[in-house]
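Read in the working numbering, the sequence shown has 300 at position 101, and its numbers run on one by one without any break.
Even for Gly, the Cβ is constructed at its ideal location relative to N, Cα and C.
Just so we're clear, the structure is a prediction, and the values are computed from it rather than from any experiment.
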Amino acid sequence: MRIFSGIQPTGRKHLGNYIGAITQYVDGQDRGEAIYCIVDLHATGVPYQPAGLREAVYDTAATLLAAGLDPERCIFFRQGDVHEHTELCWLLCSVTAWGDLNRMHQFKEKAGAERELVSASLFFYPVLQAADVLAYRAHDVPVGDDQRQHVELMRDIAQRFNARFGELLVVPEHRIPEVGARIMDLQFPERKMSTTGGSEQGTVLVLDEPAAVSRKFRSAVTDSGTEVRRSPEKPGVSNLIEILAAVREATPEQVEREFDGSGYGALKQAVAEAVIARLTPVRERYQQLRGDEALLERILADGAEKARAIAAGTLAEVREAMGVGPVRRRG
Ligand code: TRP
């Protein structure tokens with residue numbers, strides 16, 4: 200089983216990212232052959248600062264390594280280091296429907312929000328994402344629900360390629376995390392936790408100091424009742440229960456039973472303590488790793504070499520099947 204996921208280079212990862220995505224990447228290392236890439240090329244489709252992008256790649260790499268990605272047990276690299284992704288993106292454009300790209304929700308949203316330039320890279324973003332996954336013939340793509348349409352599209356692209364040029368590509372499956380997709384803002388529990396759309400007080404960052412984590416949980420919005428139970432009328436309390444369950448690797452029912460009759464104060468304090476216990480070692484390792492850019496570069500370069508060894512093979516077969524370049528010599 201081969202797993203592939205791409206991660207946006209944004210330095211500020213929050214608890215929702217941690218529970219929903221990052222722990223899943225870490226677990227993927229035990230489930231199969233895991234390949235993870237920081238998608239710097241995808242980040243160039245919207246306005247950005249070149250120096251800032253490079254920093255954000257280091258921040259993201261250090262966060263993921265601190266959280267438990269192990270370069271001995273997975274392939275971890277920077278997208279822009281493996282040129283096969285961009286070449287495959289172009290080749291896959293020939294089996295991508297323009298109309299499908301034009302229907303992508305994320306494109307429409309981002310294009311609508313763009314004030315200066317709606318770049319063509321924003322439009323082709325999903326094809327590059329398809330190339331990321333298909334280059335490795337990955338089976339499993341662990342990403343959030345917001346990526347559903349992009350994964351559907353890469354499946355269509357793989358199927359159209361296989362029908363047109365021969366069965367070369369693996370049609371991947373979407374794996375949506377069970378928990379964590381639903382981690383909500385602590386202040387506005389009807390909204391997902393987010394570093395762009397959320398509230399500052401309601402967003403717990405992976406790198407927050409313990410005092411900040413405690414403060415954010417203490418001021419979390421609950422409701423007028425007292426019962427520690429999940430219900431649609433109690434989005435704030437439900438969210439705290441879900442977070443505690445996820446961080447302790449328990450079930451929400453176990454959390455409800457434990458806090459039966461104890462009130463919201465005890466629950467908030469327990470969640471804060473559990474989150475701090477979980478994030479403190481991550482923050483400490485992050486600080487060490489982030490201070491050593493040469494080490495981060497070495498890890499990413501090693502990862503890119505392993506990635507290239509796989510992607511180059513797929514690309515050679517795709518080129519040949521499509522009639523691009525000379526017939527390959529076999530030896
Ligand atoms: N578009 C994804 C996101 O915003 C990031 C991504 C890029 C990705 N390439 C990928 C995810 C390949 C999975 C597989 O989260």
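Over the uninterrupted beta strand (DSSP E) stretch that includes Ala233, give me the two end residues.
Numbered from its first residue, the sequence shown carries residue 233 at position 34. Taken as a continuous stretch (DSSP letters only), the beta strand (DSSP E) holding Ala233 covers 232-237.
So, at 7 Å on beta carbons, what are the nonlocal neighbours of Asp269 in its own chain, with the 5 sequence-adjacent residues on each side left out?
Reading the sequence shown from its first residue, position 70 is the one you call residue 269. Cβ neighbours of Asp269 beyond the five flanking positions: Gln228.
Among Gly215, Gly464, Phe360, whose alpha-carbon lies nearest the alpha-carbon of Glu519?
The count along the sequence shown starts at 1 and reaches residue 519 at position 320. Glu519 has its Cα closest to that of Phe360, out of Gly215, Gly464, Phe360.
Determine whether the beta carbon atoms of Cys288 and Ala242 lie at a separation below 8 Å.
Along the sequence shown, read from residue 1 onward, the residue named residue 288 stands at position 89. Along the sequence shown, read from residue 1 onward, the residue named residue 242 stands at position 43. In this structure, Ala242 does not lie closer than 8 Å to Cys288 by Cβ.
Within 10 Å of its beta-carbon, does Tyr247 have 16 or more other beta-carbons around it, so buried, or fewer, so exposed?
Within the sequence shown, residue 247 is the residue found at index 48, counting from 1. Exposed, because fewer than 16 other Cβ atoms sit within 10 Å of the Cβ of Tyr247.
Let me make sure I understand the geometry here. Which of Gly244, Gly215, Gly231, Arg277 has the alpha-carbon closest to that of Lys505?
Within the sequence shown, numbered from 1, the residue matching residue 505 stands at position 306. Closest option to Lys505, Cα to Cα, is Arg277.
Start and end residues, alpha helix (DSSP H) containing Val256:
Your numbering for residue 256 matches position 57 in the sequence shown. First-last of the alpha helix (DSSP H) with Val256: 249-266.
Which residue marks the beginning of the alpha helix (DSSP H) containing Gly424, and which one marks its end?
Numbered from 1 along the sequence shown, position 225 holds the residue referred to as residue 424. Neither: Gly424 is in no alpha helix (DSSP H) and is coded neither H nor E.
Can you tell which of Ile509, Ala445, Ile440, Val420 has its C-alpha closest to the C-alpha of Glu457?
Looking up residue 457 in the sequence shown gives position 258. Considering only alpha carbons, the answer is Ile440.
Regarding Ser430 and ligand 1, is the C-beta to nearest heavy atom distance less than 7 Å?
Residue mapping note: residue 430 aligns to position 231 of the sequence shown, counting from 1. Checking the Cβ of Ser430 against ligand 1 gives no.
Classify Thr395: buried if its beta carbon has 16 or more other beta carbons within 10 angstroms, exposed otherwise.
As a first step, residue 395 must be located in the sequence shown, where it is residue number 196. Exposed, by the Cβ-count rule.
Quick one: using the 10 Å Cβ neighbour count with 16 as the cut-off for buried, is Phe347 buried or exposed?
Residue 347 sits at position 148 when you count from the first residue of the sequence shown. Rather than Phe, the amino acid found at residue 347 in this sequence is Arg. Its Cβ having fewer than 16 others within 10 Å, Arg347 is exposed.
Neighbour-count burial assignment, Leu240, 16 or more Cβ in a 10 Å radius
Taking the first residue of the sequence shown as 1, we reach residue 240 at position 41. The residue in question, Leu240, is buried, as its Cβ has 16 or more Cβ neighbours within 10 Å.
If you measure from the CB of Asp331, is any heavy atom of ligand 1 nearer than 7 Å?
For this step, residue 331 is matched to residue 132 along the sequence shown. Yes, the Cβ of Asp331 comes within 7 Å of a heavy atom of ligand 1.
If we ignore side chains and look at the alpha-carbon of each, how far apart do Glu513 and Arg272 end up?
Locating residue 513 in the sequence shown gives position 314, counting from the first residue. Locating residue 272 in the sequence shown gives position 73, counting from the first residue. Checking the sequence, you will find Thr at residue 513 rather than Glu. If you take the alpha carbons of Thr513 and Arg272, they lie about 22 Å apart.
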